Each structure stands twice: as C-alpha cells, then as structure tokens.
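One structure below.
Have a look at this one:
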C-alpha cells in the first residue's frame, strides 16, 4: 500500500468508524426485525398495546433500521470512491454499532422499559443471557479492532 492511500485512510478515520457503526446498528436491527418480529413472531417492537400498535411500531423500527443501513452504505461508497476505506476500522465500527444496539435493546428496552421481551416464555432469562453475551462479544471485538487502528497508519 502506498503512502498516499494510507494518508487518505487516516484523514477519513472517523468517517470509516461512523459508516461502520451506522451499518452495524442498522444491520442488527434489520436482522432483529426480520427474524424475531416477522418470521418467528416472538415479539413486536412495542408489545404493551394491541397487535395493530405492535405492527405500526415494527414498521417504524424497520424504517429506522433501513435509514441507518443506507446511511452507512452511502458513507461506505464515498470512502471507496475516495480510496479511503479502512476495512479493519470499518469492521470494528460495524461490530460496535451492532453490539451496542443489541446490548441497549436487551437491557434498556427489554428489562428497564419493558417494551417487549425476546420471547414470551417461562424462563426468558436464558434468551436474555444469550442475547446480551453475544452483544458484549461483538462490542469487545469491535473495540479491540478500533483500538488496533487508533493512531496507526492504515493496514
């Protein structure tokens, strides 16, 4: 890799991170919406009202996830066009965005606010632990990747 490409990636370091975070947040929200809301019917985004309200909340949640995903991809395309994509940093951002969203969902939305549960079963805590452990692992790996690219020339 030549020095000009490395300098370009350094100049757009924070944009690489932002693009990855937005894409990761949108991607994990999209997966949650598609698998747990639509295919498995385990819950809606907001389960404290009627099914109709739950479906409307799912629609708004789905729109949010797509906005984040598309925004992240537009930034990604711009980074590629400028020859400034720093893939390791971008993947770190993706994992941080995905893990942060999932941990927020599993702790704040599920437990603190009680908007919905992962699944309405007798022993939901098994699902909670798996959900939050996966979120924490994504966050940890993402933070490690970001720290490895901080103050270094693009690899």
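Numbering (the working numbering), first residue to last: 3 to 157. Glycine residues also receive a C-beta, built at the ideal position from the N, C-alpha and C atoms. Just so we're clear, the structure is a prediction, and the values are computed from it rather than from any experiment.
Below 6 Å CB to CB, which residues in the same chain sit around residue i once its five sequence neighbours on both sides are set aside?
{"i": "residue 16", "result": "none"}
Quick one, are the C-beta atoms of residue i and residue j less than 8 Å apart?
{"i": "residue 55", "j": "residue 48", "result": "yes"}
{"i": "residue 88", "j": "residue 18", "result": "yes"}
{"i": "residue 14", "j": "residue 79", "result": "no"}
{"i": "residue 95", "j": "residue 148", "result": "yes"}
{"i": "residue 107", "j": "residue 34", "result": "yes"}
{"i": "residue 84", "j": "residue 10", "result": "yes"}
Does the Cβ of residue i have 16 or more other Cβ atoms within 10 Å, making it buried, or fewer, making it exposed?
{"i": "residue 45", "result": "buried"}
{"i": "residue 103", "result": "buried"}
{"i": "residue 116", "result": "exposed"}
{"i": "residue 92", "result": "buried"}
{"i": "residue 114", "result": "exposed"}
{"i": "residue 53", "result": "exposed"}
{"i": "residue 156", "result": "Any reading at residue 156 is ruled out, since the residue's pLDDT is 49, under 50, leaving its predicted position unreliable."}
Once you ignore the five residues that flank residue i on each side, which residues in its own chain have a CB closer than 8 Å to its CB?
{"i": "residue 59", "result": "46, 47, 48"}
With a threshold of 7 Å on Cβ separation, who are the neighbours of residue i within its own chain once the five nearest residues in sequence on each side are excluded?
{"i": "residue 143", "result": "97"}
Measuring only between beta-carbons, confirm whether residue i sits less than 8 Å from chain C.
{"i": "residue 112", "result": "Structure shown: chain C not included; a single protein chain is present."}
Notebook entry, point to check: Do the region 60-76 and the region 113-128 meet, that is, are 3 or more Cβ pairs less than 8 Å apart?
Noted result: Touching, no.
### Task
Taking only runs that begin and end inside the region 131-155, name each unbroken beta strand (DSSP E) of 3 or more residues, in chain order.
If we require 3 residues or more, the region 131-155 turns out to have no beta strand (DSSP E) run fully inside it.
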